[in-house]
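Please read the structure below before turning to the comments.
Protein chains in written order, with this note's numbering: chain A, 1 to 224; chain B, 225 to 618.
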């Protein structure tokens with residue numbers, strides 16, 4: 001399910017393909033909106049032409065294309081096609097692939113999370129928390145937002161800034177991600193404002209889980 | 225720039241709609257298109273591109289339309305959009321010697337090689353309103369190529385071959401810019417710090433508000449920096465932008481952009497060790513922005529006082545004064561922030577001023593105590609209460 005955030009950047013059904021500048025602005029706006037509304041799935045589409053196949057989901061590829069450039073470093077987990085991605089990053093983004101500890105963006109699949117040492121991720125500093133890394137999970141699994149109104153094992157419940165406390169309970173179906181990951185995330189994000197942010201990409205959808213979002217596993221009393 | 229304003233959601237929504245209606249004006253008048261603005265307001269477009277620091281005529285036209293003609297607001301829109309763009313890389317330095325020239329004048333050599341090319345200029349207009357434009361009867365100009373040059377016989381096939389500054393430097397008459405150490409600071413990424421190198425200063429001045437720079441430049445001419453130079457060369461035209469692609473190990477031409485460039489030739493300096501030489505101020509902008517580049521060149525030269533051991537006592541010579549205040553967005557943001565609610569700050573000031581007034585009134589010698597009681601405007605203050613308490617304790 002895709003929920004469109006109300007933004008002025010989205011033109012109502014364009015009659016023709018948008019210009020590159022317009023598309024770039026729309027995509028960037030969607031990424032910003034995703035961070036403003038944690039847990040909300042937003043569509044990240046390419047309308048100016050087909051994407052070059054690089055082994056990432058469309059949302060993940062568009063996200064990286066928008067946010068990685070010569071001043072921003074990216075790392076890819078082992079399960080992703082490293083040679084093709086390195087060439088793509090070099091040619092299309094004019095950047096270089098680096099190790100996880102040096103990266104501003106770390107792209108992985110959910111299977112990689114068990115091997116990923118989150119303590120290596122940059123958390124920024126108290127003076128510059130914006131230097132904290134961003135973990136991009138190219139998620140392959142069932143629809144994240146397809147959850148029942150009742151608490152279901154494996155689902156996570158989200159609270160925090162950008163989530164209406166009076167609105168319906170915000171849940172995500174993240175059964176493919178092990179509970180240990182969320183506990184490690186909570187440890188890393190313990191010294192607010194330092195921490196790292198998460199984007200989850202699934203097909204053409206994008207969900208943000210910024211460091212401010214508290215995550216509670218259904219059936220687990222602890223809030224992380 | 226301060227933009228965060230909290231308020232009633234409905235009121236803000238209505239304000240947006242009122243703004244849209246205000247900018248649209250009378251619906252009987254045809255809506256202006258972005259293409260019309262981009263093509264028919266080239267000077268506004270040039271200023272938006274220059275101070276917005278983004279070369280895109282269509283987006284500048286869009287910003288101009290969205291801002292209802294408010295140039296600083298349009299520049300703000302472009303700067304905000306610019307921050308969302310991917311920073312792919314740095315282009316190679318532009319070679320302005322290879323400019324495809326549309327205008328080129330010099331106030332120091334009448335018959336300079338290549339000739340004087342007036343190009344499109346307001347300089348010789350009489351500043352009389354053209355009432356033909358009221359009826360949309362602007363003449364469409366064609367076949368004006370030969371009208372561009374004052375004296376076509378002096379023009380060469382390659383107008384770009386000669387720069388006045390090069391001619392002066394060949395004779396050793398003009399000082400050469402000193403190379404700054406290391407890579408230049410990128411002002412888009414690094415905050416301005418002082419003292420700023422010339423490369424940084426030029427970046428700030430290029431984005432600086434035209435009005436501010438013009439006033440600063442004017443002040444230098446009027447004596448607040450002993451700066452009354454010659455316009456060595458003013459040129460406007462098209463230059464190629466190139467990018468070195470490491471993957472291909474080759475330099476690619478990305479396209480042409482229109483720019484304006486100004487070389488000012490200033491008073492000379494010399495010493496017992498160095499022969500006297502003229503000095504230079506430099507201005508560069510996107511598009512056609514002549515007033516801006518001339519002002520920029522004047523201010524650039526004024527800020528070079530330390531290089532030539534000049535006294536720096538005029539405002540235009542003070543780096544912090546000029547550079548910290550020349551950005552239109554910084555300036556308008558800080559001025560505009562006064563619109564934000566200051567209810568609590570003002571309340572504390574009110575408390576303080578009432579207290580001070582009451583205390584001062586209480587201390588004034590009064591001939592008749594009944595006079596004091598007849599001043600209802602002065603409210604009882606905390607200080608008064610203390611005095612009463614002290615008296616009663618006594």
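We treat Cβ as the ideally placed atom computed from N, Cα and C, and that holds for glycine.
Since we're looking at a predicted model, the values are computed, not measured.
- Interface flag for residue 404 (chain B) against chain A is unset, since no Cβ pair is found closer than 8 Å.
- Look at residue 332 (chain B) here: in three-state DSSP terms it is coil, with no helix or strand label.
- Contact with chain B is absent for residue 51 (chain A), since none of that chain's Cβ atoms lies less than 8 Å from the residue's Cβ.
- Here residue 451 (chain B) carries a coil assignment [DSSP, helix/strand/coil].
- Inter-segment contact for the segment 56 to 74 of chain A and the segment 129 to 144 of chain A is present: three or more beta-carbon pairs are separated by less than 8 Å.
- For the segment 425 to 495 of chain B, the full-length alpha helix (DSSP H) segments reaching 4 residues or more read 434 to 445 along the chain.
- DSSP links residue 208 (chain A) through a beta bridge to A:199.
- Residue 458 (chain B) is positioned such that its CB atom lies closer than 8 Å to that of residue 329 (chain B).
- Neighbours of residue 255 (chain B) in chain A, taken as residues at a C-beta separation under 7 Å, are lacking, since the least C-beta distance is about 17 Å.
- Closest in alpha carbon position to residue 489 (chain B), among B:499, B:505, B:481 and B:350, is B:505.
- When C-beta distances to chain B are compared with 8 Å, the residues of the segment 84 to 95 of chain A below that value are 90, 91, 93 and 94, in chain order.
- In this structure, residue 397 (chain B) sits away from residue 532 (chain B), with a CB-CB distance that is not shorter than 8 Å.
- DSSP lists B:487 as the bridge partner or partners of residue 506 (chain B).
- In the DSSP assignment, the residues bridged to residue 157 (chain A) are A:171 and A:216.
- From the beta-carbon of residue 280 (chain B), the residues of chain A found nearer than 8 Å are 21.
- Ranking A:143, A:70, A:55 and A:94 by CA distance to the CA of residue 206 (chain A) puts A:143 first.
- Two segments are said to touch when three or more pairs of C-beta atoms, one from each, lie closer than 8 Å; by this definition the segment 465 to 480 of chain B does not touch the segment 357 to 366 of chain B.
- What residue 311 (chain B) touches in chain A, judged by beta-carbon distance under 7 Å, is 69, 70 and 71, going in chain order.
- Residue environment analysis places residue 274 (chain B) among the buried positions, since at least 16 neighbouring C-beta atoms fall within 10 angstroms of its C-beta.
- If you ignore the 5 residues before and after residue 209 (chain A), its C-beta comes within less than 8 Å of the C-beta of 38, 39, 158, 197, 198, 199, 200 and 215, all in its own chain and listed in chain order.
- For residue 28 (chain A) and residue 346 (chain B), the gap between their C-alpha atoms comes out near 41 Å.
- With its beta carbon less than 8 Å from one in chain A, residue 305 (chain B) belongs to the interface.
- Cβ contact annotation for residue 218 (chain A) (same chain, cutoff 8 Å, sequence separation greater than five): 151, 152, 153, 154, 155, 156, 157 and 171, in chain order.
- With a threshold of 16 other beta carbon atoms within 10 Å, residue 24 (chain A) meets it and is buried.
- Judged by DSSP in its simplified three-state form, residue 341 (chain B) adopts strand.
- Under the 8 Å criterion on CB atoms, residue 437 (chain B) is classed as non-interfacial with respect to chain A.
- Using a CB distance cut-off of 8 Å, residue 24 (chain A) counts as an interface residue toward chain B.
- Of B:534, B:511 and B:475, the smallest CA-CA separation from residue 493 (chain B) is found for B:534.
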